[in-house]
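Single-structure report; data block below.
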Amino acid sequence: AAYENIQVETDGAVGIIRLDRPKAYNALNAALVDEVGHALRAFEADDTVGCMVLTGSEKAFAAGADIKEMQEKSYADVQREDFITDDWEVLTHCRKPVIAAVAGFALGGGCEFALMCDMIIAADTAQFGQPEVQLGIIPGAGGTQRLTRSVGKSMAMYMCLTGDKIDAQTALQAGLVAKVVPADDLMEETLKAAQKIAGLSRPVVATCKEAVNRAYETTLSEGVLFERRAFHGTFALEDRSEGMQAFIEKRKPEWKHR
Ligand code: HXC
């Protein structure tokens, strides 16, 4: 497919989506979000892909929803469209892992987009923020919800109520990102993690992602029960036999379900 606002490529078993609207710091307009949704669905359906990476440019992951586009909308418009649209949520429905590789600005919807991914790897240049209050709105794509679950109440309140940006090191301390790397190494380091995941047994990875996500959707006792049953389920896989056999024979496993 030919896209106008993103670039799509694969690196081995990793599908890469690069936000590419340089004239607006990758501001997330409807066309861009629609293209991201399309590309994600294509990678989901592609059996050769085991993990996805969502990234932006050196300067910006994304500077948020497109303010020029939002400015035109009335209450009736956003209510009718249920803005943000379902396209934004495609990220949260992916069964394959998605890693956000963030350099530069991840603001507003950009920060929220990164938070919809399964983990964030940040360049030391990354800046995260929820500046919506400065526009007279509040976050609308999980900034008051996913961010709070990620960094806790105090930091989420700080970010959402002041609109101040936080740098990569602060984001690391807060648990918003998994890892901070030098900007020049961002793609290499992210691809290393992505290749590692893509090289594992697909059903095991999908099950593990599902189990971690349950922690956000249910009580601890239900989550632990879900985990235990899912864990039991892995014992039905040939890949489970292979993984343990390979360990005992001191060799690399050869996963069947790749
Ligand atoms: C539309 C944007 C934009 C945005 C930047 N641009 N962010 N256009 N929507 N979110 C455009 C500018 O208008 C400008 O276009 C060009 O990109 C360069 O931006 P500058 O401001 O001139 O650059 P700089 O001084 O370097 O500042 C960079 C910046 C700043 C810190 C990222 O642009 C900024 O604060 N942007 C807005 C961030 C924000 O408020 N995001 C939250 C949006 S609300 P021209 O044509 O002048 O060159 C949101 C709600 C989500 O995300 C809710 C769910 C949908």
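Residue numbers (our numbering): 1108 to 1365.
Even glycine gets a Cβ: it sits at the ideal position worked out from N, Cα and C.
Predicted model, so just to flag it, every value in this text is computed and none were measured.
Taking a 10 Å sphere around the C-beta of Met1351, we find fewer than 16 other C-beta atoms and assign the residue as exposed.
Distance between Ala1343 and Lys1286, taken at the CA atoms: about 33 Å. If you draw a straight line from the Cα of Ala1170 to the Cα of Trp1195, it is about 15 Å long. In the DSSP secondary-structure assignment, Cys1158 is bridged to Val1121. Assignment of Glu1165 by DSSP, reduced to helix, strand and coil, places it in the coil class. Not one heavy atom of ligand 1 lies closer than 8 Å to the C-beta of Gly1259.
Here Thr1232 is buried, its C-beta having at least 16 other C-beta atoms within 10 Å.
Here the C-alpha atom of Glu1334 lies approximately 6 Å from the C-alpha atom of Ala1318. The region 1152-1163 and the region 1119-1128 touch, with no fewer than 3 CB-CB distances between them shorter than 8 Å. In this structure, Gln1302 keeps its C-beta atom at 9 Å or more from the C-beta atom of Gly1122.
About 4 Å separates the beta carbon of Phe1212 from that of Ala1167, a gap short enough to meet the 8 Å contact definition. The DSSP-derived three-state label of Leu1344 is coil. Distances from the CA of Cys1315 to each of Asp1193, Pro1204 and Ile1191 were compared; the closest alpha carbon is that of Pro1204. Relative to ligand 1, Lys1180 has its C-beta separated by 8 Å or more from all heavy atoms. Distances from the CA of Ser1308 to each of Pro1360, Gly1340 and Gln1276 were compared; the closest alpha carbon is that of Pro1360.
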